[in-house]
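Convert by adding 2 to the 1-based position in the sequence shown; the result is the number in my numbering. C-beta: ideal position from N, C-alpha, C; glycine also. Structure first, then comments.
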Amino acid sequence: MRRPASRGIRPRRTVSTSGNSGMAFGSTCARTAHTLYMWRGRGATGRRGMKGCTLGAGRDRSRRAPRRHWAEGAFSQLVLVVCVLAILALAGSWWPLFDFYAQLQMQILVVTTVSMLVAVSVQMWRSFVQSLVCAAALGWSLYPHLAPPPRVEPGVAPGAGAPVRIAWANLRNWVTGGPAVVRLLDTETPDIVILTELTERHRAAAMTAPGYRFRTPFPAGSAFDLLLISRIQPTEVRFDYAFGADYPILEARFCAIDGASVCLAIIALHAPRPPLPEAAWGEPAVLRDGLLALAATMARRRLAAQDHVLLIGDFNATPYSSAVRDMLARSGLIDTAAAAAENPEQPRPTWLSTWPGVGLPIDNALISPGLRVVERRLGPNIQSDHRPLVLHLRLLGP
Numbered sequence: 003m004r005r006p007a008s009r010g011i012r013p014r015r016t017v018s019t020s021g022n023s024g025m026a027f028g029s030t031c032a033r034t035a036h037t038l039y040m041w042r043g044r045g046a047t048g049r050r051g052m053k054g055c056t057l058g059a060g061r062d063r064s065r066r067a068p069r070r071h072w073a074e075g076a077f078s079q080l081v082l083v084v085c086v087l088a089i090l091a092l093a094g095s096w097w098p099l100f101d102f103y104a105q106l107q108m109q110i111l112v113v114t115t116v117s118m119l120v121a122v123s124v125q126m127w128r129s130f131v132q133s134l135v136c137a138a139a140l141g142w143s144l145y146p147h148l149a150p151p152p153r154v155e156p157g158v159a160p161g162a163g164a165p166v167r168i169a170w171a172n173l174r175n176w177v178t179g180g181p182a183v184v185r186l187l188d189t190e191t192p193d194i195v196i197l198t199e200l201t202e203r204h205r206a207a208a209m210t211a212p213g214y215r216f217r218t219p220f221p222a223g224s225a226f227d228l229l230l231i232s233r234i235q236p237t238e239v240r241f242d243y244a245f246g247a248d249y250p251i252l253e254a255r256f257c258a259i260d261g262a263s264v265c266l267a268i269i270a271l272h273a274p275r276p277p278l279p280e281a282a283w284g285e286p287a288v289l290r291d292g293l294l295a296l297a298a299t300m301a302r303r304r305l306a307a308q309d310h311v312l313l314i315g316d317f318n319a320t321p322y323s324s325a326v327r328d329m330l331a332r333s334g335l336i337d338t339a340a341a342a343a344e345n346p347e348q349p350r351p352t353w354l355s356t357w358p359g360v361g362l363p364i365d366n367a368l369i370s371p372g373l374r375v376v377e378r379r380l381g382p383n384i385q386s387d388h389r390p391l392v393l394h395l396r397l398l399g400p
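This is how it looks when you write it as structure tokens:
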């Protein structure tokens, strides 16, 4: 039987491996080799065509393989680094040595969640399991600080008076001015206001605001100094300068508020920055932690005197850090972010951003059991890097 003519099929020209690569080469090469196999049988030319295809595709895969292996290796190392940071952050909730990392638990949780999703998409299951374990541990640690607080019935308890409106604000020195103070006072109409990071630009608005009959002396210049403005005349006001004139702690007592039978003691401070990462190598945060410990001790003293106590300020520490955990244990107070409220709201960050995972909740308020939270929320945007913290508190009976 005569073999049909090839009609111009030129194996050597079609199966050339000198300049073709990628999918186009692979598909053309495979079709040509199949044609040779069908028309020429298992001859030498067919074998040469198949061999050329195999070599071309292998070279193409060999070019891609190193890049893929490098990317997978880099991603695996990144996941390990993030998990190490997660372990340090969790340890920082209990040990001051790693307190800095504890401040970043929410940010690390966001990164571990993203890495978990990436690991699933590229089918890197070991990295997925590592990210999942780290994310679950961080989520377990953060859940009490992110969940909305429980609701309490708004019915007035025996001996309770009308809510006292209290505002705390960090004005960020020279970035803001009098309009920031005016906006806060006009929007919230608080009974008691405590301000920090003031400059001469805030003096006129703070010292002449109508309706406020008591003011402490205007700060002399320290960014950590405090100013108290109140519609209610305090019974006693003093500043504790145990850590120097630049780091005062304010203590004010208000008695007979709206006929209440107990006094409200307010302790306020602006603590310095938390320890930076090098503190994990032997530089403890003596100043910040010392101020927070002293404020907690002062709160415990007022609590022992049968006062209702509010400890408020810029702690430069998040509620899930060892610093705040120690304050709660030392003072006997509870965090208003987790306390039952008549109008509960989910806690939100106060510094840098109000978005969880971006900002940090470093402005905090702790209360004694004799105070009921009516509402706790952020105040208006006053162009500072901090949002004001607004509290409405109801004084219960003894």
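| task | Can you grab the Cα-Cα spacing for the pair residue 294 / residue 71, in whole Å? | result | 50 Å
| Where does residue 398 fall in DSSP's three states? | coil
| Three-state class that DSSP yields for residue 175 in the structure shown | helix
| From this set, 324, 333, 220, 326, which residue's C-alpha is nearest residue 304's C-alpha? | 333
| field | Of the residues 325, 197, 309, 140, the one placed nearest residue 264, counting alpha carbons only | value | 309
| message | Quick check on residue 336: does DSSP put it in helix, strand or coil? | response | strand
| Beta-carbon separation of residue 228 and residue 196 under 8 Å? | yes
| query | According to DSSP, is residue 26 helix, strand or coil? | reply | Here the model assigns residue 26 a pLDDT of 44, short of 50, so the residue's position is not dependable, and the following value carries that caveat. Residue 26 falls in the helix class under three-state DSSP.
| field | Reference residue 386; option with closest CA among 379, 355, 167, 147 | value | 355
| query | Which residues in the same chain as residue 46 place their Cβ atom closer than 7 Å to its Cβ, once the five residues preceding and following it in sequence are excluded? | reply | For residue 46, the predicted model reports a pLDDT of 43, less than 50, meaning its position is unreliable and no value from the coordinates is stated.
| Once you ignore the five residues that flank residue 144 on each side, which residues in its own chain have a CB closer than 8 Å to its CB? | 107, 108, 111, 322
| What is the DSSP secondary structure of residue 384, reduced to helix, strand or coil? | coil
| request: Within 10 angstroms of the Cβ of residue 54, are there 16 or more other Cβ atoms? Answer buried if so, exposed if not. | output: Annotation note: pLDDT 48 at residue 54 (below 50); position unreliable, no value reported.
| field | Among 382, 378, 384, the one whose alpha carbon lies nearest that of residue 396 | value | 378
| request: Please state whether DSSP places residue 314 in a helix, a strand or coil. | output: strand
| request: Specify the secondary structure class of residue 355 as computed by DSSP and reduced to three states. | output: coil
| task | Within 10 angstroms of the Cβ of residue 199, are there 16 or more other Cβ atoms? Answer buried if so, exposed if not. | result | buried
| Beta carbon of residue 366, beta carbon of residue 337: below 8 Å? | yes
| request: Thinking residue 98 and residue 370 are a contact (beta carbons under 8 Å), I'd like their distance in whole angstroms, please. | output: Contact doesn't hold; Cβ gap of about 25 Å is too wide.
| query | Should residue 373 and residue 312 be called a contact, given that it needs their Cβ atoms to be closer than 8 Å? | reply | yes
| Near residue 49, which residues of its chain fall below 6 Å by C-beta distance, leaving aside the five closest residues on each side in sequence? | Low confidence applies to residue 49: its pLDDT is 45, below 50, so where it sits in the model is not reliable, and the reading given next is rough at best. Closer than 6 Å at the Cβ level, and outside the excluded window around residue 49, lies no residue.
| task | For residue 341, collect the residues of the same chain with a Cβ closer than 7 Å to its Cβ; drop the 5 residues on either side in sequence, then sort them by chain order. | result | 151, 369, 375
| task | Over the uninterrupted beta strand (DSSP E) stretch that includes residue 267, give me the two end residues. | result | 266-272
| message | Looking at the secondary structure, which residues open and close the alpha helix (DSSP H) in which residue 113 lies? | response | 107-123
| query | Which two residues bound the contiguous beta strand (DSSP E) that contains residue 233? | reply | Where residue 233 is concerned, there is no enclosing beta strand (DSSP E), given that its DSSP letter is neither H nor E.
| Start and end residues, beta strand (DSSP E) containing residue 256 | 251-256
| query | So, do the region 201-217 and the region 231-238 have three or more beta carbon pairs nearer to each other than 8 Å? | reply | yes
| said: Using CA atoms only, rank isn't needed, just tell me which of 240, 260, 140, 259 is closest to residue 252. | reply: 240
| query | CA-CA distance, residue 237 and residue 137? | reply | 49 Å
| field | Straight-line Cα distance separating residue 73 from residue 129 | value | 13 Å
| query | Roughly how many whole angstroms lie between the Cα atoms of residue 394 and residue 81? | reply | 43 Å
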